[in-house]
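Residue numbers (this note's numbering): 234 to 844.
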């Protein structure tokens, strides 16, 4: 097997793979209306593709297409070498499509609507590989015939593989014919023929330039159909461009080229359908993107609200967290001069209360002081319960029903604009949203409590390192060392050797005052360090908790629909890219013309789906 044959088989396999993938995409259901619309469109396109696959080896269907009086019927007669179709250069003479086939061709294999056509049989050599249809005029102005002609024409065109587009010097710029051709050209190969060579000037270059914006025009033929028919009646082969046209059709439409032509038409149909679908989806995509942004904005607003509330409620109990942190620090620090001061500071209230026991003079006073101590203990426990309650308040403050209803109304407006299923945000779903919010709240309670404990433990370790301990111990001990050195020097040296007086209370009182001030300053500096770190970590904790617990919006089903629609859109773009690449290598590889893909309009796809 040659490399060319292998490459051809590989390309055909790619076409089959593309068709299968398009079919798989078209079978999915979506809550987004543009996706469903595109799926329905592609199913119709695939129906016509399947009809092409069924008649893959059947003779190619060639139809004439052109305005009134452009010599379509005369051209058909010249092609088959016999006067079969009624011809005329002024008024439309073809009222019904004339189907001309070889006497041995089984028309049932083609699936053509034979009831709409007048069937003629002929043994022309060209008809061994083709079936020719002489179509009605698309631009007839007869009010009685216009609608019926166009209706018959549009029912026939979906079965055609090749269109021979005829025109004359007078008709080649006809806007109506060009518009009808734009609808008909999708899924067909094109052959461009200028007729009336015996009367008109050669306008092929101007015509080619006129068509070049919308069609691939490999060649244009300039024929005299009447002269060619007369030459064949005399037993001669037609001369000039008519002979060249016959050779071209015999070569390009031979049985060996049927698969190539029809595969090219399949790719053309798929590419046209996919391009239109991409246009439909991309046109509505900004609205869906606005919905996505609204979901993200609603999620961010709720997240910020909950983070702010959580941080505020946690800071309400900051004094409790600070005492717990200071206790954890002193426990981690161990016994040392400055840690003893911190323990004294942390238990100052209890210490002062304990001193009152020494003032008790009877059992009644002892009982009263015990009651006061019990009250202080109960007050501490109450503070812990208040701290736990604040966590619950923080979660509830961010998810009240008013906020949920407001979010639902905002999202519902975007859902309608994005053409999504309105039931996704129906009013009855508010209860479900409330349930989703409650689930989020319950997760917050446990995570916030454990998070505070983890923050306190971590800060206790960080503030008990050798550097921090050494710094504060050194600063505290340095003052004590100075005072002790001063007292020792005065007692052991100055009073014995220099006969100086022992230090009086004038020294000890200021020294004690400065000791208290120095110790207080160190305690304030250290607790400020703890408070600053605790505040920063609580802010981070609140943000982290919200980020972890609010990974999904309050509309998870709607979010999932948006994500699925985005994946469907991406897959559609990928399929269109594949079809465009295949069309470049297959659909434009023959000498036959075709419509350019960038000239497609929606009306063309209407014809594609009309079959």
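Even for Gly, the Cβ is constructed at its ideal location relative to N, Cα and C.
- DSSP links residue 349 through a beta bridge to no other residue.
- Beta-bridge partners of residue 401 (DSSP): none assigned.
- As the crow flies, the alpha-carbon of residue 645 is around 29 angstroms from that of residue 777.
- The Cβ neighbour count for residue 465, taken over all protein chains shown within 10 Å, is at least 16; the residue is labelled buried.
- No Cβ-Cβ contact shorter than 7 angstroms links residue 393 with residue 297.
- Between the C-alpha atoms of residue 807 and residue 512 there is a straight-line separation of about 14 angstroms.
- For the 7 angstroms CB-CB criterion, residue 282 and residue 499 form a contact.
- The bridge partners DSSP lists for residue 422 are 395.
- Counting of Cβ neighbours within 10 angstroms places residue 468 among the exposed residues, the total staying below 16.
- Counting only residues of its own chain and dropping the five nearest sequence neighbours on each side, residue 313 has a CB closer than 8 angstroms to the CB of 333, 355, 357, 359, 360 and 365.
- Across the set 723, 729 and 705, the C-alpha of 705 shows the shortest separation from the C-alpha of residue 754.
- Under DSSP, residue 449 forms a beta bridge with 827.
- When C-alpha distances from residue 340 are compared across 362, 251 and 268, the shortest belongs to 362.
- Counting the other Cβ atoms within 10 Å of the Cβ of residue 492 gives fewer than 16, which makes it exposed.
- According to the DSSP assignment, residue 299 belongs to the beta strand (DSSP E) that extends over 293 to 299.
- At a cut-off of 3 residues, not a single continuous stretch assigned as beta strand (DSSP E) sits fully inside the region 673 to 735.
- The way I'd put it, the region 553 to 561 does touch the region 684 to 702; three or more beta-carbon pairs between them come closer than 8 angstroms.
- Here residue 497 is not near residue 239, since their CB atoms are 7 angstroms or more apart.
- Its Cα nearest to that of residue 252, the residue 280 stands out among 719, 242, 422 and 280.
- Between residue 288 and residue 249, the alpha-carbon positions lie close to 15 angstroms from each other.
- A straight line joining the alpha-carbon of residue 305 with that of residue 802 spans about 44 angstroms.
- Per the Cβ contact rule, the region 429 to 438 is not in contact with the region 408 to 417 (fewer than 3 Cβ pairs under 8 angstroms).
- Residue 422 is positioned such that its CB atom lies closer than 7 angstroms to that of residue 494.
- Listed as beta-bridge partners of residue 333 by DSSP are 353 and 365.
- Inter-residue distance for residue 742 and residue 761 is about 28 angstroms (C-alpha atoms, whole angstroms).
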